[in-house]
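Sequential numbering from 1 applies to the sequence shown in UniProt numbering. Glycine included, every Cβ here is placed at the ideal spot set by N, Cα and C. Model, not experiment: these values are computed from the prediction.
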Amino acid sequence: KAMVGCRWSSAPACPNVLRLLEWFDHRRRYTMILERPVPCQDLQSFCEENGYLDESLAKKVLLQLISALKHCESRGVLHRDVKPENLLISTESHDIKLLDFGCGDLLKDSAYKYFAGTLEYAPPEWFRQRRYHAGPATVWSVGVTLYNILRTEGHLQKQTVQETEITSRC
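Structure representation (structure tokens):
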């Protein structure tokens, strides 16, 4: 996890990824010191308190999220747990920062054969084949995130993903 942290935080920094300020290697664990921008809150809480996002703000958030994920990809890091709870939003500027790399891994071309993250954001191929590739899985979780910050009638549920007929090209 420390290697993942060093990679995502290496210069040049991305304004949409929470910065790793320092880390300590203990025998069986790592301690990571991360920035904490203020005033901010996680995007899920922001939506619950202020109402779900209009299209203009959702577009701003989405573009920043894509910037953060492209930064991670350029550093060889797969986040694996993209969701509103893992995005900090400034309550003043509405800038976002991606956080919580606890499920993160090094990026690879081959399929991942174990799932780490939140099942409601897992790609359909995980439920069908018990494997997934980094790029399509990230795109899926971004789509579910966008759906969930725009909708007021509830989240896209794992059950929905499992029961929906999805083409074999997914």
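Beta-carbon separation of residue i and residue j under 8 Å?
| i | j | result |
| --- | --- | --- |
| Leu-88 | Leu-99 | yes |
| Arg-131 | Lys-108 | no |
DSSP three-state label for residue i, please.
| i | result |
| --- | --- |
| Leu-57 | helix |
| Phe-46 | helix |
| Leu-18 | coil |
| Val-82 | coil |
Given a threshold of 16 other Cβ atoms within 10 Å of its Cβ, counted over all protein chains shown, does residue i qualify as buried or as exposed?
| i | result |
| --- | --- |
| Asp-81 | buried |
| Pro-123 | buried |
| Lys-59 | exposed |
Taking the alpha carbon of residue i as the reference point, which residue from the options has its own alpha carbon closest?
| i | options | result |
| --- | --- | --- |
| Glu-76 | Thr-145, Pro-15 and Gly-135 | It should be noted that the sequence gives Gly, not Glu, for residue 76. Considering only alpha carbons, the answer is Gly-135. |
| Cys-103 | Ala-116, Ala-111 and Lys-97 | Ala-116 |
| His-71 | Leu-146, Arg-151, Val-142 and Asn-16 | Asn-16 |
| Gln-41 | Arg-27, Asp-95, Asp-25 and Leu-62 | Asp-95 |
Leaving out five residues on either side along the sequence, give the residues of the same chain with a beta carbon under 6 Å from the beta carbon of residue i.
| i | result |
| --- | --- |
| Leu-43 | Pro-84, Leu-87 and Ile-89 |
| Trp-140 | Pro-123 |
Tell me which same chain residues have a C-beta within less than 7 Å of the C-beta of residue i, skipping the five on either side of it?
| i | result |
| --- | --- |
| Thr-118 | Asp-81 and Lys-83 |
| Cys-14 | Ser-67, Ala-68 and His-71 |
| Glu-35 | Leu-18, Arg-19 and Leu-21 |
| Glu-92 | Pro-39 |
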